[in-house]
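In my numbering, the protein residues as written are 103 to 708. Note that beta-carbon positions come from the ideal geometry of N, C-alpha and C, so glycine has one too. It should be emphasised that the depicted structure is a prediction, and the values quoted were computed from it without experimental measurement. First up is the structure itself, then whatever we jot down about it.
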Amino acid sequence: MDGAAPEKQNKVKEEAAENSQASDEPKETVKEPEAEAADKASKKADKKEEKKNQAIEAKIAAADAREIEAAKKAREDAAKRSRRKIWARSRSTVFAKVMETKGKVGGDKIAFVEPEGREISYQDAVRGAFALGSAFSKFTKRGENVGVLLPTSAGGVITLLALHCDGRVPAMLNFTAGEKALFSALETADIKHIITSSKFIEIGGLEGLVDALSSKAEIHILEEIRDGLGKGAKIRAAIGEKLPFLVRRGVKPETPAVILFTSGTEGKPKGVVLTHQNLVANVEQIRDHVQLEPEDIFFNPLPIFHSYGLTGGSLFPLIGGHKQVAYPSPLHVKIIPEMIRKHQATILFGTDTFVTRYLKQARDGALGSLRYAVCGAEKVRDETRNLARRKFGFSVLEGYGATEAAPVIAVNQPGDIRPGTVGKVLPGIECRLEDIEGLSGGGRLFVRGPNIMAGYLDPDTKEVTALEGGWHDTGDVVQIDGGGYVAIRGRVKRFAKISGEMVSLAVVENCASVVWPDNVHAAVIMPDPKKGEQIILLTEEENPNRSELLSWAQGHGVPELAVPKKVLHVEEIPLLGTGKVDYVTLQSQAEELIAEGEEYEKQAAE
């Protein structure tokens, strides 16, 4: 018995140890039926809540989509209403609109102020147009294209109206284009008669040009025509002013109102036929888009042979009932600021190049009366905007257009200026973008609307070549954001293809303008045996260094492909009379400079 007791004690101890070890191990939880049911109910509720939230989100998304679609439809409906409204208001002629304005503002209201200070009222302008129209009808016939070789002036605009009186079509001749371009214009438009001014010929030193033109067309001097106006012309003018429908017969909205020739920045100028409806529509579009004050005084130094100077600078204020100062040349950079001061002009028309020069030449307060400078034809630089605002307190409204659009397509609005864009498209204009291979962001712009030309003049048949479906290919690459603001990326023809990549020459020029802000620059394309094409920058900067451009590009995320391969100094970048760069002449200069450089390197190597 004594031997069995220890064994029994050991067994008890082992069982106790096992029980102790088992108690230390985690016990498997066994859910009670109530807890398990609660867990299932919770998960079911979570899933139900999730489905509910998903349904709500789906409804919100659907509502957002409907709202977006509704907003889109509302914009489209508004655009359609706007187009119908513009189409209806543009069913008129230029002269009829001027007569309508005269009736609203009164015949005594001043329409034109000449640089020396002489004022011409609406009544005087209308009577003068009827009287001159009577004289013009003696040597021209209805429907004939008549050359107009005149500067921006009251006389120039009144001559245009006078030709409209009897259904003649003014063909505005660019006197800065040279004999070859003018001979081409005379031939394209079949021009047999040219109206000009002896004073203009003398001041402009155009005797040689006019002599050359006289071999192709008969020259008529405006001063001589005015001096020869008889009693009959004056009676006709009086009747025309009171009963215009008895005098103006056969002129309809769809009748050609003017022939303009494209600037020829990239080649031979084209003859653009704009109807009365085209011109009136563009004026009405601008009036709807840009709200101005009745007291605004316009200063227009841009040539009337250019659509911007004609429609924007001349017809827009004339039909809008505004006083305008018609100045004969934008090149008088020292005189123009003082003229603006003298006449207290509030709206200036110009280009970035010209406005910059006026800003730099202007004495203190000379441009103080200006509220806005409306700039087109070229990109507006930040330096120009900042200088205008800082020095004289006015804003620059950048716009965009084409001769074929009469010309304005888009422009920034007072109170809604978006630097880097040309603002929103004018009401009544439809836009379409087509993709361009090798280019991301934006597309090739096509436009359609009541302001879009009847077509180009065919130089062989003399007929107007109509647009397919009314769409005009601008040849410009643009981006239009969600808010409708348009950014110009450049001309399709002004993109270089380097190693398969499309590079905008406008970007190259913009970079140069930032690095050398006090000078004018322009880029051209030349062949490259390895990369297909190369970019050459010509600049007025006296000591241009490519490394400066490269350094700036690298520091601002600009691709190295946009840095020109060569940078060449020229004394002056050639400009057309419109203020645009003359790229045809510039291309020739670049080719000559490159050839000279290669010859020099060849001789040095020998």
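Beta-carbon proximity of residue i to residue j, cut-off 8 Å
i	j	result
residue 532	residue 549	yes
residue 512	residue 579	no
residue 357	residue 269	yes
residue 264	residue 285	no
residue 233	residue 224	no
residue 296	residue 247	no
residue 468	residue 498	no
residue 250	residue 420	no
residue 607	residue 576	no
residue 530	residue 158	no
residue 501	residue 527	no
residue 215	residue 425	yes
residue 254	residue 439	no
residue 413	residue 381	yes
Beta-carbon proximity list for residue i, same chain, < 8 Å, skipping 5 on both sides
i	result
residue 422	203, 385, 389 and 394
residue 651	613, 614, 617, 639, 665, 666 and 669
residue 480	453, 454, 455, 681, 682 and 683
residue 325	299, 300 and 301
residue 371	276, 279, 283, 286, 287, 363, 364 and 365
residue 688	624, 626, 640, 675 and 676
Those residues which DSSP pairs with residue i across a bridge
i	result
residue 431	Looking at the DSSP assignment, residue 431 forms no beta bridge with any residue, so it has no partner.
residue 502	512
residue 629	635
residue 400	426 and 449
residue 597	606
residue 384	For residue 384, which the question treats as bridged, DSSP gives no partner whatsoever.
residue 272	248
residue 623	641
residue 541	Bridge partners of residue 541: none, in fact.
residue 710	The structure shown does not extend to residue 710, since the chain spans only 103 to 708, so no value can be given for it.
residue 677	683
residue 148	DSSP, once it has assigned bridges, lists no residue as partnering residue 148.
residue 524	BP columns for residue 524 are empty, so no partner.
residue 497	474
residue 592	579
residue 587	526
Segment limits, beta strand (DSSP E) that includes residue i
i	result
residue 581	574-582
residue 545	545-550
residue 298	295-298
residue 71	Given that the chain is displayed from residue 103 to residue 708, the structure contains no residue 71 and the question cannot be resolved.
residue 331	Unbroken run through residue 331: none, as it is neither H nor E.
residue 320	320-323
residue 670	668-671
Any non-hydrogen atom of the ligand ATP within 7 Å of residue i CB
i	result
residue 505	No copy of the ligand ATP occurs in the structure displayed, which carries no ligand at all.
Proximal residues to residue i (C-beta, below 6 Å), its chain only, five neighbours per side dropped
i	result
residue 598	605, 627, 635 and 637
residue 656	none
residue 582	588
residue 520	587
residue 694	none
residue 124	Only weak support exists for where residue 124 lies, its pLDDT of 49 falling under 50; the coordinates are left without a value.
residue 401	427, 442, 447 and 450
residue 362	274, 374, 409 and 505
residue 643	618 and 621
residue 236	335 and 338
First and last residue of the uninterrupted alpha helix (DSSP H) at residue i
i	result
residue 363	Unbroken run through residue 363 is the beta strand (DSSP E), 358-363; no alpha helix (DSSP H).
residue 460	454-463
residue 257	256-267
residue 531	Here residue 531 belongs to no alpha helix (DSSP H), and DSSP marks it neither H nor E.
residue 475	Looking at the DSSP string, residue 475 is not in any alpha helix (DSSP H); the run it does join, the beta strand (DSSP E), is 474-477.
residue 657	648-657
residue 709	Outside the modelled stretch of the chain, which goes from 103 to 708, sits residue 709, for which no answer is possible.
residue 395	First-last for residue 395: undefined, no H or E at that position.
residue 285	281-290
residue 242	Neither: residue 242 is in no alpha helix (DSSP H) and is coded neither H nor E.
residue 486	484-489
Sequence-distant residues of the same chain with beta carbon closer than 7 Å to residue i, five excluded per side
i	result
residue 557	375, 566, 567, 568 and 569
residue 130	Any reading at residue 130 is ruled out, since the residue's pLDDT is 49, under 50, leaving its predicted position unreliable.
residue 379	192, 193, 355, 356 and 552
residue 281	311 and 314
residue 161	none
residue 103	Model confidence at residue 103 stands at a pLDDT of 46, short of 50, so the residue's coordinates are unreliable; what they give is reported in the following sentence. Counting only Cβ-Cβ distances below 7 Å, and skipping sequence neighbours, we find nothing.
residue 435	459, 460 and 463
residue 629	635
- Task: Could you pull out every unbroken alpha helix (DSSP H) segment of at least 4 residues lying fully inside the segment 151-229, listed in chain order?
- Result: Annotation note: the segment 151-229 contains the following uninterrupted alpha helix (DSSP H) runs of length 4 or greater, listed N- to C-terminal: 196-207.
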